[in-house]
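Notes follow the structure.
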Amino acid sequence: MGRRPPDVTGTRRAGRAARAARPWPGRVLGAAFAVVLLSAASLTGILATAALGWTGVPGLLTAVACREQAGGRGSTTSCYSTFAPDDPHAAREAVSVDWPRGTEGATKHVRITVLGVHQQEDALEAVLLLAVTAGLCATGALAASAARPR
Numbered sequence: 672m673g674r675r676p677p678d679v680t681g682t683r684r685a686g687r688a689a690r691a692a693r694p695w696p697g698r699v700l701g702a703a704f705a706v707v708l709l710s711a712a713s714l715t716g717i718l719a720t721a722a723l724g725w726t727g728v729p730g731l732l733t734a735v736a737c738r739e740q741a742g743g744r745g746s747t748t749s750c751y752s753t754f755a756p757d758d759p760h761a762a763r764e765a766v767s768v769d770w771p772r773g774t775e776g777a778t779k780h781v782r783i784t785v786l787g788v789h790q791q792e793d794a795l796e797a798v799l800l801l802a803v804t805a806g807l808c809a810t811g812a813l814a815a816s817a818a819r820p821r
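Take the sequence shown: its letters are residues 672 to 821, numbered as in the working numbering.
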């Protein structure tokens, strides 16, 4: 007696039925979650490129007046500062920034990003931002992969 070959078409039908039974709201939520994560990754990527000194308007931020503000987790220092772009033809602007351990007269090199944020040029901050960007991209890719129909 010969053996019958396995019913391949039946297993394919069962697999399709299982995939079709997958709830569509879960796929929609997964896709929305992926979009949010990848959007956040692009924002942290913009800040990381500014921290590396690749993008943004470079300039010097000088603290004019600083004050300590009490908060829920302790105190923070907020400084009223002037931003002087490296371009001599550009206008100076007055800004208020949170500046940990800031003192009057202190300066730091920053870049104004496309987002309007003053990002300090710092290698450690750039590495941390790139790590966050990579994590958000990986999680977003996993969410997008889980959301797609099979």
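Backbone N, C-alpha and C fix where the C-beta goes; we use that ideal spot for every residue, glycine too.
Assigned exposure category for residue i - 16 Cβ within 10 Å defines buried
{"i": "His-789", "result": "buried"}
{"i": "Val-768", "result": "buried"}
{"i": "Val-781", "result": "buried"}
Span separating the alpha-carbon of residue i from that of residue j
{"i": "Ile-717", "j": "Thr-810", "result": "18 Å"}
{"i": "Thr-748", "j": "Pro-820", "result": "50 Å"}
{"i": "Pro-744", "j": "Asp-757", "result": "For the sequence presented, residue 744 should be read as Arg rather than Pro. When rounded, the distance between both Cα atoms is 36 Å."}
{"i": "Ala-644", "j": "Thr-726", "result": "For residue 644 there is no data in the structure shown, the boundaries of the chain being 672 and 821."}
{"i": "Ala-794", "j": "Thr-715", "result": "14 Å"}
{"i": "Pro-759", "j": "Pro-696", "result": "55 Å"}
{"i": "Ala-736", "j": "Lys-779", "result": "15 Å"}
{"i": "Ala-755", "j": "Gly-773", "result": "18 Å"}
{"i": "Leu-799", "j": "Glu-792", "result": "13 Å"}
{"i": "Ala-802", "j": "Thr-784", "result": "19 Å"}
{"i": "Leu-765", "j": "Gly-806", "result": "Inspection of the sequence shows that residue 765 is occupied by Ala rather than by Leu. So the alpha carbons of these two residues sit roughly 35 Å apart."}
{"i": "Trp-770", "j": "Arg-698", "result": "42 Å"}
{"i": "Thr-804", "j": "Ser-710", "result": "10 Å"}
{"i": "Tyr-751", "j": "Arg-738", "result": "9 Å"}
Neighbourhood of residue i by C-beta distance below 6 Å, restricted to the same chain and skipping five residues each side
{"i": "Ala-815", "result": "Ala-705"}
DSSP-derived helix/strand/coil call for residue i
{"i": "Ala-755", "result": "strand"}
{"i": "Thr-733", "result": "strand"}
{"i": "Gly-811", "result": "helix"}
{"i": "Thr-726", "result": "coil"}
{"i": "Arg-738", "result": "strand"}
{"i": "Ala-765", "result": "strand"}
Could you name each continuous alpha helix (DSSP H) segment of 4 residues or more that falls completely within the region 771-802, going from the start of the chain to the end? With a minimum length of 4 residues, no continuous alpha helix (DSSP H) run stays inside the region 771-802.
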